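Worksheet for the structure shown next.
Numbering (my numbering), first residue to last: 12 to 91.
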């Protein structure tokens with residue numbers, strides 16, 4: 012698997028994590044107990060950390076070859 016393919020997989024997973032955060036936020040609004048709201052908020056916060064780390068990893072994978080002798084030969088692998 013190429014780095015650009017791995018980066019694309021990470022992007023798909025980021026989208027899924029973002030969807031899950033939206034679901035948790037909706038559940039948090041519906042929750043009546045403060046403890047439940049707090050736990051849902053903490054879960055969303057943890058997932059946001061995973062999203063940030065995944066985005067950093069995507070950036071590194073997409074730009075791994077930027078300083079190689081081949082120049083911009085891998086530009087076609089970068090996800091949009």
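The beta carbon of each residue, even a glycine, is placed where N, CA and C say it ideally should be. All values reported here derive from a predicted model rather than from experimental measurement.
Return the Cβ separation of residue i and residue j in integer angstroms, given the expectation that the two are a contact with Cβ distance under 8 Å.
| i | j | result |
| --- | --- | --- |
| residue 72 | residue 18 | 4 Å |
| residue 38 | residue 51 | 5 Å |
Buried or exposed: which applies to residue i, given that a residue is buried once 16 or more other Cβ atoms fall within 10 Å of its Cβ?
| i | result |
| --- | --- |
| residue 30 | exposed |
| residue 21 | buried |
| residue 23 | exposed |
| residue 69 | buried |
Taking DSSP as the reference, what is the three-state secondary structure of residue i?
| i | result |
| --- | --- |
| residue 75 | coil |
| residue 36 | helix |
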